[in-house]
Every structure is written in structure tokens, then in C-alpha cells.
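Trainee: Sequence positions in the sequence shown follow mature numbering (1 follows the signal peptide of the UniProt record, and there is no 0) and run -19 to -1, 1 to 210. Even for Gly, the Cβ is constructed at its ideal location relative to N, Cα and C. Note that the structure is a prediction, hence the values are computed from the model and not measured. First the structure, then my questions, so here it is.
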Amino acid sequence: MQLHSTLLLASTILAAVQPLTKRDYCFLYNNQDCRDFTLYEVRSDEIEKHMIIGDSTNIPAGLSEFHGIWYMNGNPLADECLSFANIKDNHDGTYTSRVYDQNIWSWDPSFDGKALYDGVRDFALTYIIKQTNANSYHVTPTIFTPNYLFGQNITVGDMLAEFDIVKTNDPDLWLRPSSFFKHYVGTYNFTRIVYGNGTRTKRYYSDYLPNIGNSIFLGIKGAFTTAGL
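If you want it as C-alpha cells, here you go:
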């Protein structure tokens, strides 16, 4: 989402000022070494074989509307699809999704896609999701700065960035409007392409395949150095 471009710029600057032995995005956040996260390339028409499909086993009941895999159709940045699988219920009406985590987010197989993922990963971009009414959810971005930049969790307030997910009459099509500094900047279609049971939706063929390239990047991880976020 649009916050990614800011993270990309910040990541590039921070990488430039690190010692040479630390140039491969080896920031630490919450005692995780982000070198444990890498990208690999898969065929875009086999996405449901590689991404974790959101269903009742890995998504809390409060977010049952978001089972499956979703395509960010019209997103101007280099991320393509996402799954709400393994989203965390905070038991206060909010849910936490780690954008950089394994097999839940996909990226364009290009320099832009890799650079964007590096920025998201380096700053441990996390989304806090809360239902605002029967028809919409609000998304609050949070980042974690490297230890030498105070090692703080930073919540991006609504004065800076506002992201929403808005229901339409089609349960497989939601809208994703964005605002920065209280100014609306655009909306893209948030489109379900795979159901929670693994079958493809009609929009997989009408909206996804005609617009996606032959392949996508997925993030994976090795063993963490300590417990996760």
C-alpha cells in the first residue's frame, strides 16, 4: 500500500549509512534478523499452491469475510496479492498482520518488487486492522525502527496516512481507498481470486490473469534467532 514507497526510500538511505558488513538489510527488530527473510519466484497462475490460503483454521472468526487470497487490482505499487492467513487476534477488537511474513504477500518479480519488499521487511511493516462499521475496516500501519534508530514501534497516525477496506455488493470485491495528510489519493480494487477452500473465483479469470505477469515473488523465512514479533 502507499506507505511502502516511504519505507522504500527510508530503507535505501539507511542501507547506505550502514557498515559494509551490514549492507544486506541485516537490521534487527524485536531480536529478529531480517536476513532470515528472502524472496523466491513462482508462477502467478499457481499462486494458490504457494501462498497460504486464509480459512477458518488460520483467520479469526471476526475476519471470516476475508478468507482466501486477494489481488490488489490497480495498486500502483509493486505488491500484487495477499492473504490474511495467520493474522493475530489482539482480543481488543483489532487484528495484526505482518506484511513481510512468509507466503502471505506477493510482489512483482522486478527490481521494484524486491526493493519494496526489502523496505517493508527492514522496517517490519505491520498492519493493525479494526472493523469500523458493518461495511468497512480501518488499517493502521506500524513500523519498527532498527536498534541504532532507537528500536521503536511507530504507529502511523491518521493525520499522516489512512487506509480503509470498504465492502461492495460483491463479497469478492472490496475497495481500498487511501488518504495522506487527510487528502484522498486514490482507490484500487481489493479482489478475492481464491476462496478459502482453495477453488478459484470468477474474478481469478476476469480480473487477475489478464493483468498479472507470468510470475510473482513470495517472501519466505528460515529459522528465527528468537521468538517472533
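Between Asn195 and Ser25, which are expected to be in contact by the criterion C-beta below 8 Å, what is the C-beta distance as a whole number of angstroms?
Mentor: Between Ser25 and Asn195 the Cβ distance is about 6 Å, and since that is below 8 Å, they are a contact.
Trainee: Taking Thr38 as the reference, give the member of Lys69, Asn114, Phe161 with the closest Cα.
Mentor: That would be Lys69, whose Cα lies nearest to the Cα of Thr38.
Trainee: Locate the beta strand (DSSP E) running through Val175, then write down its first and last residues.
Mentor: It spans 164 to 175 - the beta strand (DSSP E) in which Val175 sits, taken as one unbroken run.
Trainee: Using three-state DSSP, classify Ala142 as helix, strand or coil.
Mentor: Three-state DSSP puts Ala142 in a strand.
Trainee: For Glu22 versus Pro122, is the C-beta spacing smaller than 8 Å?
Mentor: No. Outside cutoff.
Trainee: In whole angstroms, give me the CA-to-CA distance for Pro191 and Leu63.
Mentor: Cα to Cα, Pro191 sits roughly 18 Å from Leu63.
Trainee: Can you tell which of His119, Ile33, Thr182 has the C-alpha that lies nearest to the C-alpha of Asp82?
Mentor: Out of His119, Ile33, Thr182, Ile33 has the C-alpha closest to the C-alpha of Asp82.
Trainee: Quick one: residues in its chain with C-beta nearer than 8 Å to the C-beta of Ile50, no 5 flanking neighbours on either side, listed in chain order?
Mentor: The answer, listed in chain order, is Ile28, Glu29, Met32, Ile34, Gly35, Cys62, Leu63, Ser64, Arg173, Ile174, Val175.
Trainee: Is Asn114 buried or exposed, if buried means 16 or more other CB atoms sit within 10 Å of its CB?
Mentor: The residue is exposed, with fewer than 16 neighbouring Cβ atoms inside 10 Å.
Trainee: Go through the region 23 to 51 residue by residue and report every complete run of the beta strand (DSSP E) that reaches 3 residues or more, in order.
Mentor: Complete beta strand (DSSP E) runs here, min 3: none at all.
Trainee: Taking the alpha-carbon of Thr180 as reference, which of His119, Asp153, Ala142, Asp73 has the nearest alpha-carbon?
Mentor: The shortest Cα separation from Thr180 among His119, Asp153, Ala142, Asp73 belongs to Asp153.
Trainee: Assuming Tyr185 is part of the beta strand (DSSP E), what are its boundary residues?
Mentor: Taken as a continuous stretch (DSSP letters only), Tyr185 belongs to no beta strand (DSSP E), as it is neither H nor E.
Trainee: Between Leu20 and Phe198, is the Cβ-Cβ spacing less than 8 Å?
Mentor: For Leu20 and Phe198, yes; Cβs fall inside 8 Å.
Trainee: Could you give the C-beta distance for Ser187 and Val147, rounded to a whole number, given that I count them as a contact under 8 Å?
Mentor: The pair is not a contact, with the Cβ atoms about 21 Å apart (cut-off 8 Å).
Trainee: With respect to the alpha helix (DSSP H) encompassing Val80, which residues constitute its N-terminal and C-terminal limits?
Mentor: Careful: Val80 lies outside any alpha helix (DSSP H) and carries neither H nor E.
Trainee: Using 10 angstroms around the beta-carbon of Thr182, count the other beta-carbons present and answer buried if the total reaches 16, otherwise exposed.
Mentor: Flag for Thr182 reads buried.
Trainee: Quick check on Gly200: does DSSP put it in helix, strand or coil?
Mentor: In this structure, Gly200 counts as strand in the three-state DSSP scheme.
Trainee: Whose CA, out of Ile193, Ile201, Gly200, lies closest to the CA of Met53?
Mentor: Of the candidates Ile193, Ile201, Gly200, the one whose C-alpha sits nearest the C-alpha of Met53 is Ile193.
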